[in-house]
Amino acid sequence: MPNSTLSSRTVLVTGATSGIGYETARQLAERGATVLLHGRTAEETRAAADRLIATAGVGARQPALYSADFAHLEEVETLARTVVAEHPHLDVLVNNAGVAAPERHTVTADGNEIAFQVNFLAHYLLTCLLEPALTNDPGGRVVNVSSSLHRTASIQWADPNRARRYSRLAAYAQSQLALTVFAADPRVTAVSVHPGACDTALLPLYAHEGLSPAEGAAHVVRLCDPAVEIVNGAYYDRAERVGPAPAATEERTVKRLTKLADLLVGRTA
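Residue numbering for the sequence shown follows the numbering used here, starting at 3 and increasing by one per position.
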């Protein structure tokens with residue numbers, strides 16, 4: 003039975019072809035939301051949509067499909083333009099797409115360390131470009147799927163690409179800290195959530211065993227619901243609101259990160 007508070011919502015979920023992103027999209031569709039399904043390739047996105055329609059039940063609407071490889075910022079820009087043109091009223095953006103930093107230091111064609119770009123910079127750029135569509139209506143929001151590992155991180159301001167000293171865990175954690183800091187940006191209403199260590203491709207970074215992706219996704223879906231009131235910059239560990247790492251709420255850090263991100267994605271004031 004569609005949930006009336008979600009049935010009128012339009013929600014874009016990035017990285018929705020597997021894991022927590024797919025389960026988030028499926029649960030939103032089951033509750034009657036209009037889901038915009040994003041995947042890295044058109045083929046992956048179509049396959050996920052077919053699976054979703056087969057399992058989401060009678061009330062689910064056909065999702066709208068979008069593809070963009072976040073390792074290419076030009077594709078993120080094209081994605082944003084298309085979404086704004088086709089859905090000028092967007093209620094929720096779920097910034098979920100993510101990769102584990104590889105063993106070897108890897109730089110994208112845009113010149114950024116790959117985990118920093120895919121997990122943070124691409125979402126930063128997408129959110130900025132979708133700002134005209136993201137509604138100011140009560141309940142309009144951005145939900146950043148972050149990680150408890152952000153607490154172990156520091157942002158290397160002089161070397162965000164970690165060219166001088168690379169560790170995959172430190173690179174991944176830095177990307178999650180940046181995403182968590184970004185939730186406090188005053189331009190949009192946003193929160194971050196650690197959905198728990200779930201049995202997805204990222205599980206080896208956390209533990210040997212994890213929750214099901216559906217259990218993790220439930221915490222993301224809850225924060226998409228306009229009936230759940232949120233405070234800009236809030237951080238949730240699963241269902242519980244807790245304080246994030248101290249750096250995540252510092253106004254100076256938020257401004258510094260905005261300046262760095264604008265530089266790295268090529269945005270000018």
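We treat Cβ as the ideally placed atom computed from N, Cα and C, and that holds for glycine.
All of these numbers come straight from a predicted model, not from anything done at the bench.
Query: Under 8 Å between the Cβ atoms of threonine 251 and glycine 235?; Result: yes
Query: If we count Cβ pairs, one from each stretch, closer than 8 Å, do we get three or more for the region 18-28 versus the region 36-44?; Result: yes
Query: Report the option in Val230, Asp264 and Pro246 whose CA atom is closest to the CA atom of threonine 7.; Result: Val230
Query: Within a Cβ cutoff of 8 Å, which residues of the same chain sit near threonine 57, ignoring the five residues on either side of it in sequence?; Result: Arg28
Query: When you compare the CB positions of proline 65 and leucine 81, do they come within less than 8 Å of one another, or not?; Result: no
Query: Under the rule that 16 or more other beta-carbon atoms within 10 Å means buried, what is aspartate 1, buried or exposed?; Result: Residue 1 lies beyond the range of the chain shown here (3 to 271); nothing can be said about it.
Query: Taking only runs that begin and end inside the region 142-193, name each unbroken alpha helix (DSSP H) of 4 or more residues, in chain order.; Result: 170-184
Query: Does the beta-carbon of valine 150 have 16 or more other beta-carbons within 10 angstroms, so that it is buried, or is it exposed?; Result: Before going further, note that residue 150 is serine rather than valine in the sequence given. The residue in question, serine 150, is buried, as its Cβ has 16 or more Cβ neighbours within 10 Å.
Query: Evaluate the contact criterion for the region 126-146 versus the region 183-195: three or more CB pairs, one atom per stretch, below 8 Å.; Result: yes
Query: Is glutamate 115 buried or exposed, if buried means 16 or more other CB atoms sit within 10 Å of its CB?; Result: buried
Query: Mind the definition here: the region 211-230 touches the region 167-174 only if three or more C-beta pairs lie below 8 Å; say whether that holds.; Result: no
Query: Where in the region 215-261 do unbroken runs of the beta strand (DSSP E), each at least 3 residues long, occur, reported from the N-terminal end onward?; Result: 237-239 and 242-244
Query: Just curious, the alpha helix (DSSP H) that threonine 129 is in, first and last residue?; Result: 124-132
Query: Just the C-alpha distance for arginine 63 and serine 69, rounded to the nearest angstrom, thanks.; Result: 19 Å
Query: Mind checking who histidine 196 pairs with in its DSSP beta bridge?; Result: Asp239
Query: Bridge partners for histidine 40 per DSSP, in chain order?; Result: Tyr68
Query: What are the start and end residues of the alpha helix (DSSP H) that includes valine 94?; Result: Run containing valine 94: none in the alpha helix (DSSP H); it sits in the beta strand (DSSP E), 94-97.
Query: From arginine 167 to alanine 103, what does the alpha carbon distance come to, in whole angstroms?; Result: 14 Å
Query: Looking only at C-alpha atoms, which of Ser148, Asp239, Val13 and Gly34 sits nearest to threonine 137?; Result: Val13
Query: Could you tell me the boundaries of the beta strand (DSSP E) in which leucine 75 lies?; Result: No beta strand (DSSP E) contains leucine 75, which is instead part of the alpha helix (DSSP H) from 75-88.
Query: Could you give the C-beta distance for asparagine 121 and leucine 181, rounded to a whole number, given that I count them as a contact under 8 Å?; Result: 6 Å
Query: Please report the straight-line C-alpha distance between histidine 152 and valine 183, rounded to a whole angstrom.; Result: 10 Å
Query: How many whole angstroms separate the CB atoms of aspartate 139 and histidine 196, which I take to be in contact at a CB cut-off of 8 Å?; Result: Not a contact, Cβ separation roughly 27 Å.
Query: Which one of Ala51, Glu45, Leu132 and Val101 has the shortest CA to CA distance from valine 86?; Result: Leu132
Query: For leucine 123, count neighbouring C-beta atoms within 10 Å of its own C-beta (all shown protein chains included) and say buried if the count is 16 or more, exposed if not.; Result: buried
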